Amino acid sequence: MTKVEFFFNVPDKLAKVADLCSRAVVKGRKLTVFTQDDAMSTRIEDMLWQHSATSFLPSARPGASEQHDVSVVLDKDGEQLLQDDILINLKVEHPPFFSRFKYLVELVGVDDEDKASARARYKFYRDRGYQIKSTDESAV
């Protein structure tokens, strides 16, 4: 069963994505970041390239020639899923294909609108029997 983790009160979701990707890639994990649109994918791509002064995290988008050679795939559609390890959801709704992944990460910002949509996703997963781990980033 998919492990679900919510990170609440995340002040900068894209920076958190870069941090999570960095930690996961070091452990040999593969990630799909489910983005809202191409613009968000581009911003994350830029952050991954600049995440560390001594290294970068290469990423690709579905359909790119290097998509099978990188650990991080930035996907706005979810139509060409390339792995089933970690999924980071940045969309307002739950990903319809989340259950094929071993681990699902939900990031929740600090604004009320984001928190409201996250509550709906949380309830969706809980009502289907998924155990959910919650981490409050404001307490870190």
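Position 108 (the sequence shown) corresponds to 118 in the numbering used here; numbering is contiguous.
Idealized CB from N, CA, C, for every residue including glycine.
On a predicted model such as this, the values are computed, not experimentally measured, just so you know.
Among L84, E103, T45, whose alpha-carbon lies nearest the alpha-carbon of A74?
L84
So, using beta-carbon positions, are K23 and D47 closer together than 7 Å?
no
What are the partner residues of V82, as DSSP defines its beta bridges?
L41, S69
If you scan the region 11 to 38 from start to end, which runs of the alpha helix (DSSP H) of 4 or more residues do you find wholly inside it?
23 to 36
Determine the direct distance from the alpha carbon of D56 to that of F16, and round the result to whole angstroms.
24 Å
Using beta-carbon positions only, say whether P105 and F18 come within less than 7 Å of one another.
no
Cα-Cα separation, I98 to V115:
5 Å
Extent of the continuous beta strand (DSSP E) to which E116 belongs:
113 to 117
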